[in-house]
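Visitor: Residue 871 in the numbering used here is what sits at position 202 of the sequence shown, and the numbering runs on without skipping anything. Next up is a structure, given as structure tokens.
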Amino acid sequence: MLHAHIAELHAFHAAANCESFTRAAQQLKLTQPALSQKIKRLEELLGMPLFIRKYRGVALTDAGQQLHEATRGSFAQIEANFQRVLEGQARKRVRISSDFAFASHWLMSRLPQLRQDLEDLDLQLLTSQEPRRTDGVLADLAIALVERPQASANREILFKERVVAVCSPALAARYGPFETPRQLLAAPLLTLSSPADAAWHTWRSWFAEAGVEDTLESASETRLNNYTLVLQGAVEGQGIALGWLGLVDSFLEKGQLIMACDRIVSSERAYVMECARDAPVHVRDTFDWIADQAAGMADPAAPVTAAPVGTAPVHR
């Protein structure tokens, strides 16, 4: 029943605060007769007067005092929450959905520059192993590894899937040199746990593309369900990992990881960014900024490898 009388309660609350029907009506942008009618209906509902009419203004009755005590905190809380919602809408919020690997090893390091170049952004990252356009809430920008993508005004191809085997220099010195992909099987492998139909390269598909098609097992294998842990293990010399060019570039540039052998395996997949056609200006600006960052990436086609001197890299 209360919800049917919110307008009357609001009028009462304003009149009680202002101690004047005239000022309350002005505050609520109502005529004074309209406000008086709302309060009259409330008094009739309760069966008792809430105001004592005076020559200049009004005063609360005992019942009015009790009702005002009840409404004061409630309407103040509603107003505060409403204001926070309005302020949140006024801020330039951008929700970006991506997988853990892209968010951790491509996007995170660029966020400070993004905030500096595009001021007052409220950035939210929504990550999952296989991101979707909706992750409980609609993302403004969705970044995912997509099969055979086509670019459009609202879809940008950031970089193609190109995968190499990476390891620490210490592991390469211990188990290498690895002149062929098959020789990697003599060393421990680090594997990102994935479903059989994973939409990205696994060791099985990588070896098959590299010409190692028979079923072979490595000396040992460690399975991890997080790509950051896979790379951490590789840096610490625990095994050889698959490295996506575009995500492992900083590790290669710093020498924390090197290409274990010279084979680069590619696919028809690519990291793609999408936004809605009617995206607001600040979302479109973020879309363009990320696209420009990807376009300006140095091509890591021939990073330092553990292959012997004189071995020509093989690019696919």
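Even for Gly, the Cβ is constructed at its ideal location relative to N, Cα and C. Note that the structure is predicted; figures quoted are calculated from it, not measured.
1. Is there a Cβ from chain C that is less than 8 Å from the Cβ of residue 782?
2. Can you grab the Cα-Cα spacing for the pair residue 897 / residue 772, in whole Å?
3. With burial defined as no fewer than 16 other Cβ atoms inside 10 Å of the residue's Cβ, what is the status of residue 733: buried or exposed?
4. Verify whether the separation of the beta carbon atoms of residue 908 and residue 864 is less than 8 Å.
5. Taking the Cβ atom as the reference point for each residue, do residue 853 and residue 906 lie within a distance shorter than 8 Å?
6. Going by alpha carbons, who is nearest to residue 790 out of 966, 962, 949 and 961?
7. Given 8 Å as the limit, is there contact between the stretch 739-750 and the stretch 673-690, that is, 3 or more CB pairs closer than that?
8. Have a look at 793, 726, 878 and 684 and flag the residue whose alpha-carbon is nearest the alpha-carbon of residue 833.
9. Would you mind reading off the limits of the alpha helix (DSSP H) that contains residue 902?
10. Have a look at residue 961 and residue 812 and give me their C-alpha separation to the nearest angstrom.
11. Can you tell me the Cα-Cα spacing of residue 903 and residue 837, whole angstroms?
12. Any chance you could list the alpha helix (DSSP H) runs of at least 4 consecutive residues sitting entirely within the stretch 892-959, in chain order?
13. Might you give, ordered along the chain, the residues of its own chain that have their beta carbon closer than 8 Å to the beta carbon of residue 893, omitting 5 neighbours on each side?
14. For residue 889, which residues in the same chain have their Cβ closer than 7 Å to its Cβ, ignoring the five residues on either side in sequence?
15. If you draw a straight line from the alpha carbon of residue 943 to that of residue 817, how long is it in whole angstroms?
16. For the structure I just gave you, are there three or more beta carbon pairs, one from the stretch 915-923 and one from the stretch 762-777, closer than 8 Å?
17. What separation, rounded to the nearest whole angstrom, lies between the Cα atoms of residue 928 and residue 781?
Guide: The relevant details are as follows:
1. Protein chain content of the structure displayed is limited to a single chain, and chain C is not contained in it.
2. Roughly 10 Å between the two C-alpha positions.
3. buried
4. No, the Cβ-Cβ distance between residue 908 and residue 864 is not below 8 Å.
5. Not in contact: residue 853 and residue 906 (Cβ atoms no closer than 8 Å).
6. 949
7. Touching, yes, given that three or more Cβ pairs across the two stretches are closer than 8 Å.
8. 878
9. 896-904
10. 15 Å
11. 6 Å
12. As for any alpha helix (DSSP H) of minimum length 4 sitting wholly inside the stretch 892-959, the runs are 896-904 and 918-923, ordered along the chain.
13. Cβ neighbours of residue 893 beyond the five flanking positions: 859, 860, 861, 862, 899 and 902.
14. If we look at residue 889 and ignore the five residues flanking it on each side, its Cβ neighbours are 857.
15. Distance between residue 943 and residue 817, taken at the CA atoms: about 14 Å.
16. yes
17. So the two alpha carbons sit approximately 29 Å from each other.
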